[in-house]
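Right, one structure below, let's go through it.
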Amino acid sequence: MTCYPHLLAPLDLGFTTLKNRVLMGSMHTGLEETGDWNRVAEFYAERARGGVGLMVTGGMAPNREGGVFPGAAGLFTAEDIANHRLVTERVHEEGGRIAMQILHAGRYAYSPECVAPSAIRSPISPFTPKELDEAGIEKQIADFATAAARAREAGYDGVEVMGSEGYFINQFLVTHTNRRTDRWGGSYENRMRLALEVLRRVRGAVGEDFIVIYRLSMIDLVPDGSTWDEVVQLAREVERAGASIINTGIGWHEARIPTIATSVPRAAFTWVTKKLMGQVGIPVVASNRINTPEVAERVLAEGCADMVSMARPFLADPEFVNKAASGRAKEIAPCIACNQACLDHTFSGRISSCLVNPRACHETELVIAPAETPKRIAVVGAGPAGLSAALTADTRGHAVTLFERADEIGGQLNMARLIPGKEEFSGLVEWFRHMLERSNIDLRLGIEATAEALTGFDAVIVATGVRPRDPGIPGQEAPHVLSYVDVLRDGAPTGRTVAIIGAGGIGFDVAEFLVEETSPTENLQAWLEEWGVADPQQARGGLAPEGPQPAPPARQVTLLQRRSGKLGRGLGKTTGWIHRATLRMKGVQMIAGATYERIDAEGLHVGLGDGGEERRTIAADNVVLCAGQVSERRLAEQLGQIIQEKACVHLIGGADEAAELDAKRAIDQGMRLAARI
Ligand code: NAP
Ligand code: SF4
17 MTCYPHLLAP LDLGFTTLKN RVLMGSMHTG LEETGDWNRV AEFYAERARG GVGLMVTGGM
77 APNREGGVFP GAAGLFTAED IANHRLVTER VHEEGGRIAM QILHAGRYAY SPECVAPSAI
137 RSPISPFTPK ELDEAGIEKQ IADFATAAAR AREAGYDGVE VMGSEGYFIN QFLVTHTNRR
197 TDRWGGSYEN RMRLALEVLR RVRGAVGEDF IVIYRLSMID LVPDGSTWDE VVQLAREVER
257 AGASIINTGI GWHEARIPTI ATSVPRAAFT WVTKKLMGQV GIPVVASNRI NTPEVAERVL
317 AEGCADMVSM ARPFLADPEF VNKAASGRAK EIAPCIACNQ ACLDHTFSGR ISSCLVNPRA
377 CHETELVIAP AETPKRIAVV GAGPAGLSAA LTADTRGHAV TLFERADEIG GQLNMARLIP
437 GKEEFSGLVE WFRHMLERSN IDLRLGIEAT AEALTGFDAV IVATGVRPRD PGIPGQEAPH
497 VLSYVDVLRD GAPTGRTVAI IGAGGIGFDV AEFLVEETSP TENLQAWLEE WGVADPQQAR
557 GGLAPEGPQP APPARQVTLL QRRSGKLGRG LGKTTGWIHR ATLRMKGVQM IAGATYERID
617 AEGLHVGLGD GGEERRTIAA DNVVLCAGQV SERRLAEQLG QIIQEKACVH LIGGADEAAE
677 LDAKRAIDQG MRLAARI
């Protein structure tokens, strides 16, 4: 008897049956645009081998004007179709099913050629779209149908018509973006016309025995979004127009409410999908922040959906389903919803990957093969870099000894996991712990490795991490001045007013730690209130009329940096705005362009303005230093003196380079080194 009976149950679609209730949601990886179709095929084949019931590709443009950016991939030529056939054949060889998403970006297209129902620019785009005329609309519909027919020709098992997240079809549905007065605007019947016409024509183009998924925006989270009655009406019409499955979309890209970031509670929006259950006869899929088999099983068991969609979890672990099915759920590398290597890469034009699995989208290049000559390898430091190196080396058959000075593994991850909204980091540490237990690694906790003790190894990997930078501010020796390590790791108490020196990732983390009494991520109702999310049955688009209602801050915090300009500029591309908004909601004062003069019993004395001529005292019970970090290289230097053959000493993670260090770089560097050593 499986632990996940609902998740692993087949799903009968009438003309075909999916082997389980797991859908790998669409992700833009950037692989198609590399032109290396073997690489694209291997990405999907590895996930098909991992047991997922149905996969959806990244969005393919139905035409040039609908591409998310100029040159976005689509099925435009016979060569495109042949390339996609490579993908579908590899997936089918592995026993998988795959549908191609057709994504028309409408006004979100990053191009002056973008088109939309009305000429209204999106707040997240520099381009005002061209308003389509009747012939233009007909062309878009025809292009959807052509793309679907070509998808079938390329061997896909289905298509997903992207109707949510504020893209083209969604733009027709709501008055927020559709101000037309012809038969495509005005009444809801008119605004729905495009979605339904697209679906009818797609169904007509592909025949009856082909999966057609419609991704429906169940809660827009923008002003003048859909009412719940409209959502239900659309769902019923979508079924009549020929869809085989309804997938859930949550929030438009321009919404100012987080929908997938790590601070969003797990399964935070499945209650919305549940409202649609029983209203239509076709399967309904729930989505967003579902990242473990337990959560997915619960979503299905509680009747919130017929199927679950997970996207990023398949970057973190392509074998998610097989591991769940074979009683190895603890081995599933967890997606911590950080966006650092997936969406942040996508939005900066880089190929996606995954913080916890650097092989994601690099399957053909980062290969972990058995070592030709097994070696005795010492790894010093069990933070993310050392753990990644040790586990990879062990997988390859090396004899690994892992030394850690602390009594626990995890390094800096153990501080990250304490930040409200970063609870997922605990799962990552747990996963590392479990993988260590089932490895052959000799783990030595509470041991400070000396250079002498390391001389007998064939190779030494130094992953000793970082230590806080000393900013050298007069008065910083006073007892009320603390470092982030004192506050986070050692639990040093702090008063009601706190000044934080340094507004990098750690300064922001410490500020969130100090203003949040309890984490809203652990309490769905509190989180919904904090961000102003309402039941769409009560409020159009799911926006609470009273707006965000954050709990009062636990402390009065001032966050400072020396640089001028916006604080938090170096935070994640897709998550920085959430951290800034959270601190703003909690009344945190953000000060740029500060010169630190001294700290005393009154607080922190700073100079402001160009020459620091404006003097200010920031009253503070405590001052917390978050002034960056420097490499911890003492051991490496000793080793350099003792071991003559320096080639066998390798520096990774923060010990190698402290600037802009994060777990993504640390894990990637650890794995890449151990893959070739
Ligand atoms: P960081 O991002 O480099 O920030 C260091 C901060 O200290 C800056 O605000 C810097 O601003 C200030 N600073 C530098 N030298 C100083 C000095 N001598 N005196 C006073 N202030 C000084 O480093 P971090 O905050 O320690 O974070 C470490 C790494 O972890 C970063 O790469 C970060 O991206 C990552 N991280 C990310 C997140 C996240 O994305 N949420 C969270 C945690 C950590 P000024 O020079 O302008 O004063
Ligand atoms: Fe998940 Fe982070 Fe990996 Fe993206 S980078 S898949 S959010 S763990």
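So the sequence shown is numbered by the working numbering: it starts at 17 and just counts up by one. Glycine included, every Cβ here is placed at the ideal spot set by N, Cα and C.
According to DSSP, Arg485 shares a beta bridge with no other residue. By the CB criterion at 9 Å, Gln249 and Tyr204 fall inside the cutoff.
Judged by the Cβ position, Ile615 fails to qualify as a neighbour of the ligand NAP at the 8 Å threshold, every heavy atom of the ligand being at least this far. Within the chosen limit of 8 Å, the ligand NAP does not reach the beta carbon of Gln685 with any heavy atom.
Asp173 and Ala115 do touch by the CB rule: their CB atoms are close to 6 Å apart, below 8 Å. Residue nearest to Asp672 within the set Ala479, Ile658, Glu545, Ala610 is Ala479 (criterion: CA-CA distance). Taking every protein chain shown into account, the CB of Phe59 has 16 or more other CB atoms within 10 angstroms, so this residue is buried. One Cα belongs to Gly46, the other to Ala61, and the distance between them is close to 16 Å. Here Gly265 carries a strand assignment [DSSP, helix/strand/coil].
When rounded, the separation of the alpha-carbon atoms in Gly523 and Leu540 is 26 Å. Take the alpha-carbon of Val84 and the one of Pro133: they are about 17 Å apart. For Ala409, the uninterrupted alpha helix (DSSP H) segment begins and ends at 400-411.
Linking Gly297 to Gly581 through their CA atoms gives a straight-line distance of about 54 Å. The beta carbon of Ala349 sits closer than 7 Å to those of Ala332, Asp333, Val372, Asn373, Trp447, all from its chain and outside the five residues before and after it, given in chain order. Spatial neighbours of Met326 in its own chain (CB-CB distance under 6 Å, excluding positions within 5 residues in sequence) are listed in chain order as Ile306. In the structure shown, the three-state DSSP call for Arg460 is strand.
Shown here, Gly686 sits in a helix according to DSSP, grouped into three states. When only Cα atoms are considered, Gln685 and Leu403 end up about 11 Å apart. A Cβ-Cβ separation of about 5 Å places Asn638 in contact with Val514 under the 8 Å criterion. Cβ contact annotation for Arg209 (same chain, cutoff 7 Å, sequence separation greater than five): Arg199, Trp200, in chain order. Thr278 has its Cβ nearer than 8 Å to a heavy atom of the ligand SF4. Classified as buried, Asn355 has 16 or more neighbouring CB atoms from the shown chains inside 10 Å of its CB. Shortest gap from the CB of Phe524 to any heavy atom of the ligand NAP: under 8 Å. Looking at Lys291, Glu379, Leu70, Glu464, the one whose alpha-carbon comes closest to that of Val228 is Leu70. Under the criterion of beta carbons closer than 8 Å, Thr278 and Gly437 qualify as touching, at roughly 6 Å.
In this structure Pro145 is in contact with Arg123, their Cβ atoms being roughly 4 Å apart against a cut-off of 8 Å.
Following the DSSP letters along the chain, one finds Glu176 inside the beta strand (DSSP E) bounded by residues 174-179. For a cut-off of 8 Å, the C-beta gap from Leu461 to Glu424 is around 7 Å, short enough to register as a contact. From the listed residues Leu119, Gly548, Ala597, the smallest Cα separation to Asp236 is found for Gly548. In this structure, the straight-line span from the alpha carbon of Ile97 to that of Val175 is close to 14 Å. Burial state of Thr275 is buried, judged by a 10 Å Cβ sphere holding 16 or more other Cβ atoms.
Ranked by Cα distance from Ser647, the options Asp678, Gln657, Val640 are led by Asp678.
In the DSSP assignment, Met43 falls outside any alpha helix (DSSP H), carrying neither H nor E. In the structure shown, Ser442 adopts helical secondary structure according to DSSP, grouped into three states. Taking 9 Å as the cut-off, the Cβ atoms of Ile615 and Thr574 do not count as close. For Ile140, the number of other beta carbons within 10 angstroms of its own is below 16, and it is reported as exposed.
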